[in-house]
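Reading through the structure tokens given below for one structure.
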Amino acid sequence: MDFFSFFRKKKQNSSGSVAKDRLKLVLVHDRVNCSSQILEMLKTDIIKVISNYMEIDEEELDIQITQTESDDKNGTVPVLYANIPIKSMRKANFSEDE
Amino acid sequence: MSEVIVVTSGKGGVGKTTSSANIGTGLALANKKVALIDADIGLRNLDVVMGLENRIVYDLVDVVEGNCRLKQALIKDKRFDKLFLLPAAQTRDKNAVSPEQMKKLCEDLKEDGFDYIIVDCPAGIEQGFKNAIAGADRAVVITTPEVSAVRDADRIIGLLEANGLNNPLLILNRLRVDMVKRGDMMNIEDVTEILAIDVLGIVPDDEAIVVSTNRGEPAVSDPNSKAGEAYRNITRRILGEEVPFMKFEENESFFTKLKKIFSK
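Taken in sequence, the protein lines are chains A and S. Under our numbering, the first residue of the first sequence is numbered 597, with each subsequent residue one higher. Under our numbering, the first residue of the second sequence is numbered -18, with each subsequent residue one higher.
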């Protein structure tokens, strides 16, 4: 470690890389062309379907479009990220119907 | 063979007009017959950047409406042989011209023997943008290393490709080498990684651009300007030459010199 590195900012926290990261995320949304209304509708539908099977914590629900490293291509691809906390499973009505 | 090149960016104020003026002048200096078209109807500025604002008689709208002949509206630049400007109308709006009329205008200029027709596109993605790109054979996208400008450039690249203008080329304008070195500005690799397009040139931030714009003399003709040198390189690349990207030398401060001694 050289003497002056003490004064230098860490590269990861430099405003240039902050800009790059923010830009990448903004572009993920822009390129997918998914409006917040559509995302909201999607969220409602997901809640509706999942609620048939389990009780979920709607307050803590987090659904967003973000990006992940692509397996085959170089670079990143958009992904739908959903974090849905489960409170409890619903009683299985299906077996009783038989 | 003649070519219509549209200079566009999406975001305003990143240097479209300055780039158009310098590319056009650079090509004229390389002995090509060049027409510069200001497509920013209602907000004309290419005339002042070129220092030709006192010579306007007719404008683009006069030509498409048939009030004058094309030759009458083209202002010949007395300083650069073979350089002509077609100014925008100042008292009309973007709807005064249609994409078909722009296409026809570009065809007419090609027939008149122009080697390059440079179209300075207005900011935005509305009618003015659609008009400006209508007659273009290829596109140059200008951006600066800022989040907002790169975001708009990405949108513009998508719209260009949707309109059949594939593989636009990028000019990264107003790069501050000192800030890149500090890590406080995105560099060319960051921007090209995000936009995934080929680079036509990198123009350093240069006070000489302000001075040359003040005077109405494009920096490309100033041998001492760094930005001018970047535009000369851009011109040569447009003409098909392989030109390596400029090495940006930073004036070393006492502190950085001292740092180097200590780091050994």
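Just so you know, even glycine gets a beta-carbon here, dropped at the ideal spot from N, CA and C. Nothing here was measured: the structure is a model prediction, and the numbers come from that model.
Practice task
Hey, could you find the ends of the alpha helix (DSSP H) methionine 166 of chain S is sitting in?
Solution key: Counting along the chain, methionine 166 of chain S falls outside any alpha helix (DSSP H), and DSSP gives it neither H nor E.
Practice task
Kindly indicate which residue of S:Arg73, S:Pro80 and S:Ser1 has the alpha-carbon position closest to the one of asparagine 144 of chain S.
Solution key: S:Pro80
Problem - Contact set for valine 42 of chain S: own chain, Cβ-Cβ below 6 Å, skip 5 residues either direction - result: Ala70, Arg73 and Ala77
Problem - Runs of beta strand (DSSP E) lying entirely within the segment 81 to 158 of chain S, each at least 3 residues, in chain order - result: 97 to 101, 119 to 124 and 150 to 156
Handout entry: Buried/exposed call for proline 199 of chain S, threshold 16 Cβ in 10 Å
Key = buried
Handout entry: Endpoints, alpha helix (DSSP H) assigned at methionine 637 of chain A
Key = 632 to 647
Exercise for the section: Please check if any C-beta of chain S sits within less than 7 Å of the C-beta of valine 614 of chain A. Expected result: no
Exercise for the section: Determine the closest residue to glutamate 656 of chain A out of A:Asn679, A:Thr672 and A:Ile646, with distance taken between C-alpha atoms. Expected result: A:Asn679
Problem - Residue burial classification, glycine 164 of chain S (beta-carbon count within 10 angstroms, cutoff 16) - result: buried
Practice task
Taking C-beta pairs closer than 7 Å, name the residues in chain S that serine 611 of chain A reaches, listed in chain order.
Solution key: Asp165
Practice task
Return the residues of the segment 612 to 640 of chain A that lie within a Cβ-Cβ distance of less than 9 Å from chain S, sorted by chain order.
Solution key: Gly612, Ser613, Ala615, Lys616, Arg618, Leu619, Lys620, Val622, Leu623, Asp626 and Arg627
Problem - Pair within 7 Å by beta-carbon distance, alanine 113 of chain S and alanine 20 of chain S - result: yes
Handout entry: Per-residue contacts from valine 128 of chain S into chain A (C-beta, under 9 Å)
Key = Ala615, Lys616, Arg618, Leu619 and Val622
Handout entry: Identity of the residue in S:Gly5, S:Asp186 and S:Thr(-11) nearest leucine 141 of chain S by Cα
Key = S:Thr(-11)
Exercise for the section: For arginine 325 of chain S, return the contacting residues in chain A, with the cut-off set at a CB-CB distance below 8 Å. Expected result: Residue coverage of chain S in this structure runs from -18 to 245, which leaves residue 325 of chain S outside it and unanswerable.
Problem - Terminal residues of the alpha helix (DSSP H) in which alanine 54 of chain S lies - result: 51 to 54
Handout entry: Bounding residues of the alpha helix (DSSP H) (the contiguous stretch that carries aspartate 43 of chain S)
Key = 41 to 45
Exercise for the section: Go ahead and pull the three-state DSSP assignment for lysine 606 of chain A. Expected result: No answer about lysine 606 of chain A holds up, because its pLDDT of 49 lies below 50 and its placement is not dependable.
Problem - Alpha carbon of lysine 14 of chain S to alpha carbon of lysine 63 of chain S, nearest angstrom - result: 5 Å
Exercise for the section: Could you confirm whether any beta carbon from chain A is found closer than 7 Å to the beta carbon of aspartate 62 of chain S? Expected result: no
Practice task
Tell me whether lysine 57 of chain S is buried or exposed, calling it buried when 16 or more other Cβ atoms sit within 10 Å of its Cβ.
Solution key: exposed
Exercise for the section: Please check if any C-beta of chain A sits within less than 7 Å of the C-beta of aspartate 171 of chain S. Expected result: yes
Practice task
Report yes if the C-beta distance between isoleucine 152 of chain S and glycine 182 of chain S is below 7 Å; otherwise report no.
Solution key: yes
Handout entry: Beta-carbon proximity check, lysine 247 of chain S vs aspartate 187 of chain S, cutoff 7 Å
Key = The requested residue 247 of chain S is not part of the displayed model; chain S covers only -18 to 245.
Practice task
Could you round the C-beta distance between arginine 217 of chain S and glycine -9 of chain S to whole angstroms and report it? I think they count as a contact, below 8 Å.
Solution key: With a Cβ gap of about 26 Å, arginine 217 of chain S and glycine -9 of chain S do not count as contacting.
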